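Counting from 27, one number per residue, gives the positions in the sequence shown under mature numbering (1 follows the signal peptide of the UniProt record, and there is no 0). Ideal placement from N, C-alpha and C gives every residue a C-beta, glycine not left out. All figures in this text were calculated on a predicted structure; none of them were measured in a lab.
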Amino acid sequence: TDYTVEVDAAGTGPAIADTMYGVFFEDINRAADGGLYAELVQNRSFEYDPADNAGYTGMTAWAPTAPDGVRGTVGVVDDTGRLNERNRRYLRLDLPSGGQGYGVVNAGYNSGIRLDRQRYYDFSLWARTGAAAGTPLTVRLTDPAGANLAPPLRIVVRGDTWTRYTGTFRATATSSTGRLAVTGTGGGTVRLDMVSLFPRDTFKNRPNGMRRDLAEKVAALRPGFLRFPGGCLVNTGSHYGYTAPNYERRRSYQWKDTVGPVEERATNANFWGYNQSYGIGYYEYFQFAEDIGAMPLPVVPALVTGCGQNRATDDPELLRRHVQDTLDLIEFANGPATSEWGGLRARMGHPAPFGLTHLGVGNEENLPDEFFTRFQQFRAAIEAAYPEIMVISNSGPDDAGGTFDRLWQLNRDAGVEMVDEHYYNSPEWFLQHNDRYDSYDRAGPKVFLGEYASQDNRFYNALTEAAYMTGLERNADVVRLASYAPLLANEDYVQWRPDLIWFNNSTSWPSASYQVQKLFMTNVGDEVVPSRASGTPGTTLPITGAVGLSTWATSAAYDDVTVTAADGATLLRDDFSGGAGQWTHATGRGSWSVVDGAYVQSDAVAEDTMVTAGDPGWRDYDLRVTATKRSG
Ligand code: AHR
27 TDYTVEVDAA GTGPAIADTM YGVFFEDINR AADGGLYAEL VQNRSFEYDP
77 ADNAGYTGMT AWAPTAPDGV RGTVGVVDDT GRLNERNRRY LRLDLPSGGQ
127 GYGVVNAGYN SGIRLDRQRY YDFSLWARTG AAAGTPLTVR LTDPAGANLA
177 PPLRIVVRGD TWTRYTGTFR ATATSSTGRL AVTGTGGGTV RLDMVSLFPR
227 DTFKNRPNGM RRDLAEKVAA LRPGFLRFPG GCLVNTGSHY GYTAPNYERR
277 RSYQWKDTVG PVEERATNAN FWGYNQSYGI GYYEYFQFAE DIGAMPLPVV
327 PALVTGCGQN RATDDPELLR RHVQDTLDLI EFANGPATSE WGGLRARMGH
377 PAPFGLTHLG VGNEENLPDE FFTRFQQFRA AIEAAYPEIM VISNSGPDDA
427 GGTFDRLWQL NRDAGVEMVD EHYYNSPEWF LQHNDRYDSY DRAGPKVFLG
477 EYASQDNRFY NALTEAAYMT GLERNADVVR LASYAPLLAN EDYVQWRPDL
527 IWFNNSTSWP SASYQVQKLF MTNVGDEVVP SRASGTPGTT LPITGAVGLS
577 TWATSAAYDD VTVTAADGAT LLRDDFSGGA GQWTHATGRG SWSVVDGAYV
627 QSDAVAEDTM VTAGDPGWRD YDLRVTATKR SG
């Protein structure tokens, strides 16, 4: 079939804002610790806990070491002798009196600590000692067999008061399997915490900074905005609010936990099954946004736990406190250095405001009415105190009915300015829904497409995303902001794929989708030139089928699923060998493989919301599958 495209060169279309295409950073796939955050020591403050991940202990990533075989004892302690109330645990080393030393060695992330020959590495730790004469420590960068990769550092810990000690290494060799060893001699007990190693060479050379290659890849996109810190990450345990004490796991993401000196930032369980240090916190996010020329766009929890967890808090005092926290966040970003929270920003190194203009409340809400009443309280308080800030609502998971429609109705009726939409679909879906926003109400809320991706990392996916983005851009009067998701994935710790940029401890590589995003982000037009196509290739007969699928347990066990079309063809099959990340909690979207090459899948959606809170055990879900028989 021939198609024609008519271009109205003299016509005028909607203006396209410079901020239209941005990035969404979520601490998923170890995007922060072991990723963008340049810290090389894993579990630096010994806070890993089975509540973060069943496989963790306080010694995760650490092992005892006794270079000459003379042993002492080592243990992680949680008592009143701690570094501070937010940094609860520390390492206790009881040293033998003779020998060359006894201590611990850290294995870093992936295959180890990446070191580059001739580069500088800044070491620090907090320590105190019970030995009257002090405790000599030797700090080494070694290979896995213990051979030095830099001249060792010698530190003498003196006194029984927590003190920070520092030193600098210069690597004599390049290695991706480096280890950091800290050993002490002289007997007695020495206590260690916040054992840290940073490359001096961070993005923009910032202390406590970002890994250069990853940050540069993000910066090269020239993103219009930076959405952070999540995602489901934000709403985790949101129903707990502050009712869980600061040091208890699975409290929600509270921005105040993430600012101030790093050794006073309480670590927390991450929604995605690991420990998060908050070494990248709100200050670092704002600074990064400024460094890459992107508009900062934080998202705060709404006291309703979305992402399939389906819980809301009915505690007015808690809600009041969360709302106040959000006002304080705006003051932290924009307030004068003389204000309480603007003062903290200034003390952290940034007296000038960060220029916050947009803020999201909540993420993928599954309880539309519960969310919206709370959203309205946030919105009213923010608009009263800061009328210049745009408060962004959301539309829940894109379930094409139920929650999504209800939330859109609530948002429309209340005159909300902007709504966050999320969806992950097959590449065919992206081709077939290029017109999604053509029919959106021009008088209704604007769209922030906060998350989207076609479900794989192949060239074809990138191509379909590019095609789809022409539809976003054509509707730039409605779609004001758009970001692919997720942004980063450490290849050894993957909870979700596809992703935009992949990495390990040594290198990083962009996906084909990255190149598409870069193409659009670095070539943002001023306005749309109207055009019309006579048709869309490739659409034929849709086939819709439904199967009962027994699946879902929080232990991440799944049944196989096979979908058969009315004519007997096997359309889709998934044995879930891709792991839990392939089947997502909220919308039931899966990474489905089309078995019969005569068909292309356009959609696969679970009709019920999946439950992740607690363990509901095996449940049945109806899976609605839409596929299309290829033409010809
Ligand atoms: O981008 C990954 C996840 O997808 C986000 O955390 C969540 O908002 C969505 O379900």
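Item, Value
"When the Cβ atoms of the segment 516-528 are set against those of the segment 451-470, are three or more pairs found closer than 8 Å?", "no"
"Quick check on the DSSP output: what are the complete beta strand (DSSP E) runs of length 3 or more inside the segment 190-266, in order along the chain?", "201-210, 214-225, 251-254"
"Check whether the Cβ atoms of residue 478 and residue 511 lie closer than 8 Å to each other.", "yes"
"Can you find a heavy atom of the ligand AHR that lies under 7 Å from the Cβ of residue 389?", "yes"
"The alpha helix (DSSP H) that contains residue 438, what's its start and end?", "428-439"
"Considering only C-alpha positions, which residue in the set 184, 88, 355 is nearest to residue 206?", "88"
"Tell me whether residue 433, by its Cβ, gets closer than 7 Å to a heavy atom of the ligand AHR.", "no"
"If contacts are defined as beta-carbon pairs under 8 Å, then residue 236 and residue 64 qualify, I think. What distance do you get, rounded to the angstrom?", "6 Å"
"When the distance is taken between beta carbons, is residue 539 closer than 8 Å to residue 488?", "yes"
"Is any heavy atom of the ligand AHR found at a distance shorter than 7 Å from the C-beta of residue 511?", "yes"
"List, from N- to C-terminal side, the alpha helix (DSSP H) runs of 4 residues or more that fit wholly inside the segment 508-551.", "538-547"
"Using only the alpha-carbon positions, how far apart do residue 74 and residue 105 sit?", "16 Å"
"Measuring from the CB of residue 528, is there a heavy atom of the ligand AHR at a distance below 7 Å?", "no"
"In angstroms with no decimal places, state the Cα-to-Cα distance between residue 156 and residue 148.", "26 Å"
"To the nearest angstrom, how far is the alpha carbon of residue 385 from that of residue 443?", "11 Å"
"According to the neighbour-count rule (16 or more other Cβ atoms, all chains shown, within 10 Å of its Cβ), is residue 29 buried or exposed?", "exposed"
"Is any heavy atom of the ligand AHR found at a distance shorter than 7 Å from the C-beta of residue 48?", "no"
"Return the chain-ordered list of same chain residues with a C-beta closer than 8 Å to the C-beta of residue 368, the five sequence neighbours on each side being excluded.", "357, 358, 360, 361, 362, 379"
"Under 7 Å from any heavy atom of the ligand NAD, does the C-beta of residue 257 make it?", "Ligands in the displayed structure: the ligand AHR; the ligand NAD is not one of them."
"Taking DSSP's pairing of strands, which residues face residue 500 in a bridge?", "Residue 500 pairs with nothing; no bridge assigned."
"Quick check on the DSSP output: the beta strand (DSSP E) that includes residue 180 runs from which residue to which?", "179-183"
"Taking only runs that begin and end inside the segment 350-417, name each unbroken alpha helix (DSSP H) of 4 or more residues, in chain order.", "366-373, 394-411"
"With which residues is residue 21 paired in a DSSP beta bridge?", "Shown here, the chain extends from 27 to 658; a query on residue 21 therefore has no answer."
"My output table needs one value for residue 488: the three-state DSSP class, helix, strand or coil.", "helix"
"Could you check the C-alpha separation between residue 453 and residue 483 for me, to the nearest Å?", "10 Å"
"Going by the beta-carbon positions, is the gap between residue 458 and residue 376 smaller than 8 Å?", "no"
"Looking at the unbroken beta strand (DSSP E) that takes in residue 317, where does it start and where does it end?", "Not the beta strand (DSSP E): residue 317 falls in the alpha helix (DSSP H), residues 308-317."
"Can at least three beta-carbon pairs, one atom from the segment 279-298 and one from the segment 196-210, be found at a separation below 8 Å?", "no"
"From residue 548 to residue 476, what distance separates their C-alpha atoms?", "19 Å"
"Under 7 Å from any heavy atom of the ligand AHR, does the C-beta of residue 54 make it?", "yes"
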